[in-house]
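Protein chains in written order, with the numbering used here: chain A, 1 to 303; chain B, 1001 to 1303.
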C-alpha cells in the first residue's frame, strides 16, 4: 500500500451530479488547491456533450488554465466517453484519459446508446489512439459489481472485458461500482481474479457508497492488490445515468484512515479537509464525508 | 462467518444518546419486533443511574415485560456498570450481562470515577458473580483502539486486560472502539493478538463510525476472527461520556452486506429496515444508516 495512488475525482464525479453549475473560477481554485495537497491525480472534468451535462461544459477551459502550472507532480485526468471527447481532450492538454465501457448492456445503452461490445471496441480504439499520442490512459469496466437496472453482473463478463483491454495493451484498469452494489468479499474475489489475468496490471477502484460499503470495499480492493483509489472531496458524487447512486468515499476520510496507519503521510490532510469544508459550504448542505465535520483525530499516530 | 452472532444494541447504545426519552411502550414495540427479526441478541438497556442517563430509566421495567416472551431464540442483554447494576439486572431477568472497563485511565475516571485497574477488578468480580448466577456474560475493553481524551492506547494495555479476563474464566470478550479511532489494519492486528492469547475466545466487535470507518473495521475484525458484531438500528448511537462520538454501523446496513454474500439469510432484512424507518420517523431527522433510506438492492443475490 505504500505505492498507493490517490485519484481525486470530486471535480468530475462529484460536481456532475449537482443541480447547480459551479462557476469555472471556483472549480479552478478548488483544483489548484487539490494540486498542492499531495494527491497523485486530479480528475478535472468530463468531455461529455455540454447540453447533456452542463456542469462539465467548462472542462476544456479548465484544462487550458491548469496544465500550464509548473513545478508539480500531480497528473490532471479527464473522462472521455467517445472519440469526440478524445479529440477535445487532446486539444486542451489532458495528461491522463479515463474512459470505459459498462459490463451492463442496459447501463451501456442508457449511458452511451451503444451495446457493451460496441462501446468496448470503440473505447479500446480511442484508448490506443491516446496512448499513441503519448498520453496516459486508464480504462474501466463500469457496473463491474452489479447494475441498478440489470442486477447481478457475471464476474466472467467483467473478466472478459479486462482480458480484451489487456490484449489491446491497456494495462491500467479500473473496476467501477457504478451502482454501489459491491460487497467486500466480491471485491476481493474480483480484484484477485484480475491480477491472475496479469500480475503487472495497474488496478484502480471506484466505489459508490450507496449502501454504506464504500470504505469497506476500498480496503478489500487494496487487500487484493488494487494500486489506485478514486475518491471525492466531502464524499460528493454519483452517476447521473444510473437509477440509484449516492456519493463516493470522501477523499479526506480515506487519507485520514491511511495516515492513522502511517501511510501516505506526504499528503496534506489539513488542506484536503479545508477544500472539503469549502465544497460543503458552497453547496450549503450536509455532506456524506465525516472528517471534514469532525476534524482529524487530534493526537494523530497509532497506538 | 457462518456462525456470526448479530447483537443489536440500538435500544441501549442508540437511545442513550438521544435528548428525548423514548416512551417505554414505544421501546417495547421496537424491541419485540427486533426479537422476531432474526438477530441473536438484543441489548434492551443499561442499568445506569436513572438521574445520570434518564433515557435508560425504564430498563428494569422493559426486561420485566420482555423476558416472559416464550418461543424465542433471541437473548436479551443488558449493560451494567457496577455491582448495583448487576443486582438490578439479576432481579429483572437479564439473560446476558455486558460489562466492561476502559483501557483509558481518563475515560475510566470520567465514566466510572474509578481507575482502570479498580474498574477492571470490580467488573471481573461482578462478571464472576453473574456467571455463578447462571447468566451469560460478555466483558469488554472500552476505548480499546484509542481515546478521545488520551489519544493512542497501547495494544499491550488492551491485551493485558484481555489476559486478566481470560485468567478469571471470562472468555466472551468485546473490544469497543468507544471514540471511533480504529482503522482496519489496527483492528485486524488487535483481534489476531487476542486470539493468539486464547484461540477459543469469543470475540465481539463494537465500532463507532465517528470517522467513517465503522463498516470497514467490522469486516477487518471478522477477517481476524471476531465472532459477534454489535450494531444499532438506523445507525443511531455513540457514548455520552466521550468527547466526540457519532453513530454505530446500522444493523440493517450490515445485514444487507452479509446477505449480498449469502450469509445470515435467516435474518428478516425487511423487518429490520421497517424498524429502522420507524426509529428514524420517531426522531424525525436524517439518520446515518443507508439501507433504510435506499431500500435493499432490488435484484438480491450476488453475481
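Cβ atoms here follow ideal geometry from the backbone N, Cα and C, with glycine treated the same way.
Item to complete: Taking a Cβ distance cut-off of 7 Å, strictly less, list which residues of the stretch 1178-1199 of chain B are near chain A, in chain order.
Response: Listed by position, the residues of the stretch 1178-1199 of chain B near chain A (Cβ gap below 7 Å) are 1181, 1183, 1184, 1185, 1186.
Practice prompt. List the residues that DSSP assigns as beta-bridge partners of residue 1217 of chain B.
Written response: When beta bridges are read from the DSSP output, residue 1217 of chain B appears opposite no residue.
Worksheet item: Quick one: does the C-beta of residue 1090 of chain B sit closer than 8 Å to a heavy atom of the ligand SAM?
Response: The ligand SAM is absent from the structure shown, which contains no ligands of any kind.
Discussion item. For the beta strand (DSSP E) containing residue 47 of chain A, name the first residue and the last one.
Written reply: Counting along the chain, the beta strand (DSSP E) containing residue 47 of chain A begins and ends at 41-47.
Item to complete: Reducing DSSP to helix, strand and coil, say where residue 102 of chain A ends up.
Response: strand
Practice prompt. Locate the beta strand (DSSP E) running through residue 1142 of chain B, then write down its first and last residues.
Written response: First-last of the beta strand (DSSP E) with residue 1142 of chain B: 1136-1142.
Worksheet item: Short check: CB of residue 1120 of chain B to CB of residue 1159 of chain B, under 9 Å?
Response: no
Worksheet item: In terms of residues, what are the limits of the beta strand (DSSP E) holding residue 292 of chain A?
Response: Where residue 292 of chain A is concerned, there is no enclosing beta strand (DSSP E), although the alpha helix (DSSP H) it sits in stretches over 291-294.
Worksheet item: Short check: CB of residue 62 of chain A to CB of residue 28 of chain A, under 9 Å?
Response: Yes. Within cutoff.
Worksheet item: Can the beta-carbon of residue 38 of chain A be found closer than 9 Å to that of residue 271 of chain A?
Response: yes
Item to complete: Identify the contact partners of residue 256 of chain A in chain E, using a Cβ-Cβ distance below 7 Å as the criterion.
Response: Chain labels in this structure do not include chain E; the protein chains are A and B.
Practice prompt. Would you verify that the beta carbon of residue 1160 of chain B is, or is not, closer than 9 Å to some beta carbon of chain A?
Written response: no
Fill in: Closest residue to residue 224 of chain A among A/194, A/14, A/247 (Cα-Cα distance)
A/194
Worksheet item: For residue 294 of chain A and chain B, any beta-carbon pair shorter than 9 Å?
Response: yes
Fill in: Per-residue DSSP class, three states only, for residue 17 of chain A
Of the three classes helix, strand and coil, the one that applies to residue 17 of chain A here is helix, per DSSP.
Discussion item. Cutting at 6 Å between CB atoms, please list the residues of its own chain near residue 241 of chain A, excluding the five before and the five after it.
Written reply: The predicted model places residue 241 of chain A with a pLDDT of 49, which falls under 50 and marks its position as unreliable; any figure quoted below should be read in that light. Hits under 6 Å: 110, 111.
Worksheet item: Which residues of chain B have a Cβ atom closer than 8 Å to the Cβ of residue 219 of chain A, listed in chain order?
Response: Close to residue 219 of chain A, with beta-carbon spacing below 8 Å, are these residues of chain B in chain order: 1184, 1216, 1219, 1220.
Worksheet item: Can you tell me whether DSSP reads residue 174 of chain A as helix, strand or coil?
Response: strand
Fill in: Beta bridge counterpart(s) of residue 151 of chain A as assigned by DSSP
A/147
Fill in: Chain-ordered chain A contacts of residue 1261 of chain B [CB-CB under 9 Å]
183, 184, 185, 186
Worksheet entry | DSSP state of residue 1004 of chain B mapped onto helix, strand, coil | DSSP places residue 1004 of chain B in coil when its eight states are reduced to three.
Practice prompt. Measure how close the beta-carbons of residue 1217 of chain B and residue 1255 of chain B come, nearest whole angstrom, since I'm counting them as under 8 Å.
Written response: Actually they are not in contact, since the Cβ atoms of residue 1217 of chain B and residue 1255 of chain B sit about 17 Å apart, beyond 8 Å.
Worksheet item: Are the C-beta atoms of residue 307 of chain A and some chain B residue less than 9 Å apart?
Response: Residue 307 of chain A lies beyond the residue range present for chain A, which begins at 1 and ends at 303; the question has no answer from this structure.
Worksheet item: Using DSSP with H/G/I as helix, E/B as strand and the rest coil, what is residue 56 of chain A?
Response: helix
Item to complete: Would you identify the three-state DSSP class for residue 247 of chain A, choosing helix, strand or coil?
Response: Residue 247 of chain A falls in the coil class under three-state DSSP.
Fill in: Cβ-Cβ separation, residue 1078 of chain B to residue 1044 of chain B (assumed contact under 8 Å), whole Å
6 Å
Item to complete: Alpha carbon to alpha carbon, how far is residue 208 of chain A from residue 1293 of chain B? Give it in angstroms, no decimals.
Response: 15 Å
Item to complete: Show which residues of chain A have a CB atom less than 9 Å away from the CB atom of residue 1250 of chain B.
Response: 212
Practice prompt. Would you mind telling me which residues of chain B sit closer than 8 Å to residue 290 of chain A, beta carbon to beta carbon, in chain order?
Written response: 1209, 1210, 1211, 1212, 1246
Item to complete: Decide if residue 64 of chain A is buried, meaning its Cβ has at least 16 other Cβ atoms within 10 Å, or exposed.
Response: Looking at its Cβ environment, which holds fewer than 16 other Cβ atoms inside 10 Å, residue 64 of chain A is exposed.
Discussion item. Using the three-state DSSP reduction, which class does residue 955 of chain B fall into: helix, strand or coil?
Written reply: Look at the range of chain B in this structure, 1001 to 1303, and you will see that residue 955 of chain B is not part of it.
Discussion item. When you compare the CB positions of residue 1142 of chain B and residue 1102 of chain B, do they come within less than 9 Å of one another, or not?
Written reply: yes
Discussion item. By alpha-carbon positions, which one of A/164, A/235, A/155, A/89 ends up nearest to residue 134 of chain A?
Written reply: Answer by Cα proximity: A/89.
Worksheet entry | Under 9 Å between C-beta atoms of residue 1178 of chain B and residue 1203 of chain B | Contact: no.
Fill in: Residues near residue 1243 of chain B in its chain [Cβ-Cβ closer than 8 Å; skip 5 each side]
Unreliable placement is indicated for residue 1243 of chain B, whose pLDDT of 47 sits below 50; the coordinate value is still reported in the next sentence. These residues qualify, in order along the chain: 1148, 1149, 1179.
Fill in: Where residue 260 of chain A falls, given that 16 or more other Cβ within 10 Å makes a residue buried
buried
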